[in-house]
Amino acid sequence: SPDGSVLTVACEQTEVLLFDPISSKHIKTLSEAHEDCVNNIRFLDNRLFTTCSDDTTIALWDLRKLNTKVCTLHGHTSWVKNIEYDTNTRLLVTSGFDGNVIIWDTNRCTEDGCPHKKFFHTHFLMRMRLTPDCSKMLISTSSGYLLILHDLDLTKSLEVGSYPILRARRTTSSSDLTTSSSSSGPRVSNSPCHHSDSNSSSEKHMSQASQREGVSPR
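For what it's worth, this note's numbering labels the leading residue of the sequence shown as 24, then goes sequentially.
1. Would you mind listing the alpha helix (DSSP H) stretches within the segment 59-98 that are 4+ residues and don't spill past its ends, in chain order?
2. Does Ser24 come out as helix, strand or coil in the three-state DSSP assignment?
3. State the start and end residues of the unbroken beta strand (DSSP E) segment that holds Glu107.
4. Keeping to the same chain, check which residues put their C-beta closer than 6 Å to that of Val32; ignore five residues upstream and five downstream.
5. For the beta strand (DSSP E) containing Asp128, list its first residue and its last residue.
6. Are Ile81 and Val103 touching if we call contact CB-CB under 8 Å?
7. Please report the straight-line C-alpha distance between Gly184 and Thr145, rounded to a whole angstrom.
8. For Met160 and Asp78, I'd like the C-alpha separation in whole angstroms.
9. Out of Thr74, Asp59, Cys60, point me to the one whose CA is closest to Phe66's CA.
10. Given this structure, state the Cα-to-Cα distance separating Ile162 from Tyr168, to the nearest angstrom.
11. Thinking C-alpha only, which one of Leu153, His49, Thr129, Arg152 is nearest Arg113?
12. Between which two residues does the beta strand (DSSP E) carrying Leu177 extend?
13. Is the Cβ-Cβ distance between Met151 and Glu107 less than 8 Å?
14. Contact check, His99 vs Ile126 under 8 Å by CB: the rounded distance?
15. Pull up the distance between the alpha-carbon of Thr154 and that of Leu83, whole angstroms please.
16. Quick one: using the 10 Å Cβ neighbour count with 16 as the cut-off for buried, is His218 buried or exposed?
17. DSSP three-state label for Arg150, please.
18. Alpha carbon to alpha carbon, how far is Ser46 from Glu55? Give it in angstroms, no decimals.
Following this line, the structure appears as structure tokens:
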């Protein structure tokens, strides 16, 4: 937690463990926090935290009442791997193997969930992170690219497929491909995570990645 009073642990077997980080005492086990592997935990403040799972859902919890979830968020169609949180806007950001980055408005949560919208989509999405000031979003893909969204505004959705750079081939002529959108939108940088020795091996890599579309490893 932000105040350091609770340590939470996400477990593969549907559990979430809570410990006192000072005494190392086991506080509680949420034995059925989800119906599948728990992948990530993110605190919103000193009492509220969220978990995400391979069961495609995100759960909101309150440390003061751990017997039941505050609510369960539905929106992803595949394993949910990452949770980020913007403390200024109180927007929750999640990413999953369905290729979607989804924004959840925690300001308007009810027991039925939170209003949400699809913010971004790309094939082969593996992980997503925000920078500490939430001005940039970093996305890694199983096809070997690191996407960086600059000048981020989480209150606006990005037009799916609007950035040609996301479809660019990897080449050996440049180690960093960059494109800019209009002045009103964020800029996207696309950097290969690995460099190939030749164009032919690059094309082979992209071809193999295309064959894997829709299927991502854990």
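Every residue gets a Cβ at the ideal spot worked out from N, C-alpha and C, and that includes glycine.
Values in this document were obtained by computation on a predicted structure and should not be read as measured data.
Inspection of the coordinates gives the following:
1. none
2. coil
3. 103-109
4. Leu40
5. 123-128
6. yes
7. Note that Gly184 scores 47 on pLDDT, short of 50, meaning its location in the model is unreliable; the coordinates nonetheless yield the value given after this. Gly184 and Thr145: Cα-Cα distance of roughly 8 Å.
8. 24 Å
9. Thr74
10. 8 Å
11. Thr129
12. No beta strand (DSSP E) holds Leu177; DSSP gives it neither H nor E.
13. yes
14. No, His99 and Ile126 are not in contact; Cβ-Cβ is about 12 Å, not under 8 Å.
15. 22 Å
16. Confidence at His218 is low in this model, with a pLDDT of 39, below 50, so the placement of that residue should be treated as unreliable; the coordinate-derived value is given next. Classification for His218: exposed.
17. strand
18. 25 Å
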